[in-house]
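Numbers 72 to 676, taken from the numbering used here, label the letters of the sequence shown in order. The C-beta atom is built at its ideal place from N, Cα and C for all residues, glycine as well. Below is one structure; the comments refer to it alone.
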Amino acid sequence: MDMTSDGLETKAGAGSDIGALFAEFSTAFEEFKRTNDQRLGEIEKRGSADGLLEGKLDRLNSVLDGQKAAMDRAMVERARPLLDGRGAPLGGEYKEAFASYVKRGEEKALSVGVNADGGYVVPPETETEITRLMTAVSPIRAIAGVRQVSGSVYKRPISVTGPATGWVGETAARPTTNSQTLAELSYPTMELYAMPAATSSFLDDAAVDVGQWISDEVNAAFAAQETTAFVTGNGVNKPTGFLTATSVAEASWTWGNLGYIATGTAGALARRITARSLPSGHAQAPEVDRPLPGGVSVAVRALPLVMVAHLPPLPSDPSRSRLVVAAYTQPWPGRVQVVDDATGTTLAELTRRGLLGSLTADLQAGPLGIWDQGNVVDVTLLEGHLASGEDLAVLGGSNRLAVENDAGNWEVVGFANAELVSPGRYRLSRLLRGMDCTGPAMSTAPVGRRVILLDSRAVSLPMDAHWLGETRTFRIYAGARDVEGQSLSFATDAGPALPLPPVHLRAVRAGGDVAFNWTRCSRADGDGWGAAESPLEHVPERYQLTIFNGSTPVRLLESTSPAASYGAADQVSDFGVLPAVFNFTVVQVSPVLGGGHAAEGAFHG
């Protein structure tokens, strides 16, 4: 660094050898690592380190700090522009003369305004710095071409018609084509100047970097003036802006005018813009409109696959059925929000992609209450892995899969064995059917029906009774940048919320009458076996018993307890005699939802 002159700060060459400095730094660092490893070894063996090693580490630390500072200084020196723009410093005499002219207004023969007498030229490094900054700030200069001229007008020949061409055969003659028509474009040069003001004390300060001060003062002003001129300039001592230039139809275009094509679509983009109000609490703040930094890719909008299963209530909330929601997309947008489209209320937020898939083979109905050893579930997952589980763990609630059947209902199936058949495809066996009180929904599930793994990645939403039997619409927002979302509509029925069918139906003849009794079921005790009697879920307790003669219902009995009696006179009225065999059904009645799922029984004498 040349510090002997009060003129511009200079840099004489490339500065220190950064490669050598880095090599010294690396050597010192390796020695530091070796010494520190030795110190750690002594601490492990003896509980303390030698004082000499501690002192050596302190000295090495100081050396590393010094070498790092030297490397930083060398990098700064290398980043500075050379004064003459070509790798050699300007002479001290020129620097001092230019500084005196700027700071003190000292005039010589070369500083007057007569062209023949010349004048001071701004140092190349100052001009280069101003131009570089203007290119970064001015959008027009960033795309414009730059031409150097020695006169006041830049002239450029152009071809008006272009060269004539034609097709000929391989052996055919090639006649002379028409000559090009040339024209000349003239670009008169204009000057953009600035004369920044400064105090005398500022200019008298010998430490002031005049070149840097000039660059900082004028680059933004130059960029603003230049951009304005290119857009709205009137052509007087400045360019003619493209908004003020004369516009003519493309068919009548001539040099000096701007041509346009009348398409009738002016404003079409604005007319295509639609607006939608965002739900309260979910308005997306627009980001500052700025160029993306280098290396940053534009995020692609995610359109997740969302599955919704309507399942029976949980034991912790037996009065409300539930919607299980899971989503999958790749790449994952960070979160997926489920919003009620009608109210704008956030219902759920999914933070992990769910394990979703479909059946690759039919699943037939199976037994309840015991292990289903005769059926298997063949399933293909979009992503993820399934694993086998211990019997007790499966009985306790792990490895639960919601399977959609042919009627659109969902059965929860537990599985103890998971066999990987091929990439993404599993065969599940040793099944528990109708778990989570989904036995009434069990039926054939054909190929292609959807499946959802019921784990922490799926979210449960409580479903109030007044929503049953209606179509609900959710809006799914994938990530923070999704302001539009996608609509998801689905219909709900009362099936998963209806009272469960009673069990252990009995019918015996007592005298001439037939006495019935049964055991009610309740979702409030889950899939447990320990309770002596299931909790009463629907109050008041009420049942309906229907007697069938063949397939025709002949008598409806009602009861407020899990028992009923079919009198002999009623039997003769319905069958003509005391019947030896007939079928019957029993349903528990909800005061809100009505009759529940039916249990079927038969009377045999």
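{"Item": "I need the DSSP call for D73, collapsed to helix, strand or coil.", "Value": "Since pLDDT at D73 reaches only 40, below the 50 mark, its modelled position is unreliable, and the value read off the structure follows with that caveat. If DSSP states are grouped into helix, strand and coil, D73 belongs with the strands."}
{"Item": "So, G495 versus E555, is the Cβ gap smaller than 9 Å?", "Value": "no"}
{"Item": "Assign Q408 to one of two classes, buried (16 or more other C-beta atoms within 10 Å of its C-beta) or exposed (fewer than that).", "Value": "buried"}
{"Item": "Compare the beta carbon distance of Y721 and D584 with 9 Å and say whether it is the shorter of the two.", "Value": "Outside the displayed span of the chain (72 to 676) sits residue 721, for which this structure offers no information."}
{"Item": "When the Cα atoms are used, what is the spatial distance from E629 to A536?", "Value": "24 Å"}
{"Item": "Among A634, R471 and D641, which residue has its Cα nearest to the Cα of V657?", "Value": "A634"}
{"Item": "Just to confirm the assignment, what range does the alpha helix (DSSP H) spanning S390 have?", "Value": "That residue, S390, is in no alpha helix (DSSP H); it is neither H nor E in DSSP."}
{"Item": "Would you mind stating whether I547 and S560 have Cβ atoms separated by less than 9 Å?", "Value": "no"}
{"Item": "Please classify G405 as buried or exposed, where buried requires at least 16 other C-beta atoms within 10 Å of its C-beta.", "Value": "exposed"}
{"Item": "Is it buried or exposed for I523, if we count other Cβ within 10 angstroms and need 16 for buried?", "Value": "buried"}
{"Item": "Rounded to the nearest angstrom, what separates S593 and G437 at their Cα positions?", "Value": "21 Å"}
{"Item": "Which residues bound the alpha helix (DSSP H) around S644?", "Value": "A639 to F646"}
{"Item": "Output the distance between the C-alpha atoms of V448 and Y399, rounded to the nearest integer angstrom.", "Value": "21 Å"}
{"Item": "Would you mind reading off the limits of the beta strand (DSSP E) that contains V465?", "Value": "Where V465 is concerned, there is no enclosing beta strand (DSSP E), although the alpha helix (DSSP H) it sits in stretches over D462 to L466."}
{"Item": "Give the secondary structure of H675 by DSSP, where H, G and I count as helix, E and B as strand, and everything else as coil.", "Value": "strand"}
{"Item": "CB-CB under 8 Å to R613, same chain, minus the five flanking residues each way: which ones, in chain order?", "Value": "E629, S630, T631, Q659, V660 and P662"}
{"Item": "Taking the beta carbon of S392 as the centre, do at least 16 other beta carbons fall within 10 Å, making it buried, or is it exposed?", "Value": "buried"}
{"Item": "On the three-state DSSP scale, how would you describe V410?", "Value": "strand"}
{"Item": "Since H381 sits in a beta bridge, which residues does DSSP pair it with?", "Value": "L394"}
{"Item": "In three-state terms, what does DSSP make of R227?", "Value": "strand"}
{"Item": "Give me the residue from R144, V147 and F103 with the minimum Cα distance to G126.", "Value": "F103"}
{"Item": "CA-CA distance, D412 and L418?", "Value": "10 Å"}
{"Item": "Quick check on the burial criterion: 16 or more other C-beta atoms within 10 angstroms. Buried or exposed for R105?", "Value": "exposed"}
{"Item": "For V359, name the three-state secondary structure that DSSP assigns.", "Value": "Here V359 scores only 43 on pLDDT, less than 50, and its place in the model is too uncertain to base an answer on."}
{"Item": "If distances are taken between C-alpha atoms only, which option among G676, G647 and A568 comes closest to V579?", "Value": "G676"}
{"Item": "Find the nearest neighbour of V483 within the set P572, P384 and S493, judged by alpha-carbon distance.", "Value": "P384"}
{"Item": "What three-state label does DSSP hand A478 in the structure shown?", "Value": "coil"}
{"Item": "Given that a residue counts as buried once 16 or more other Cβ atoms are within 10 Å of its Cβ, and exposed if not, what is R117?", "Value": "exposed"}
{"Item": "Output the distance between the C-alpha atoms of D526 and A141, rounded to the nearest integer angstrom.", "Value": "57 Å"}
{"Item": "Using 10 angstroms around the beta-carbon of P44, count the other beta-carbons present and answer buried if the total reaches 16, otherwise exposed.", "Value": "Residue 44 lies beyond the residue range present for the chain, which begins at 72 and ends at 676; the question has no answer from this structure."}
{"Item": "How far does the alpha helix (DSSP H) with Q444 in it extend, from its first residue to its last?", "Value": "Here Q444 belongs to no alpha helix (DSSP H), and DSSP marks it neither H nor E."}
{"Item": "Quick check: the Cα distance between R626 and H668, rounded to an integer number of angstroms?", "Value": "18 Å"}
{"Item": "Buried or exposed: which applies to E604, given that a residue is buried once 16 or more other Cβ atoms fall within 10 Å of its Cβ?", "Value": "exposed"}
{"Item": "With DSSP collapsed to three states, give me the class of T202.", "Value": "helix"}
{"Item": "Give the C-beta separation of L452 and L426 to the nearest angstrom, bearing in mind that I take them to be a contact with Cβ-Cβ under 8 Å.", "Value": "6 Å"}
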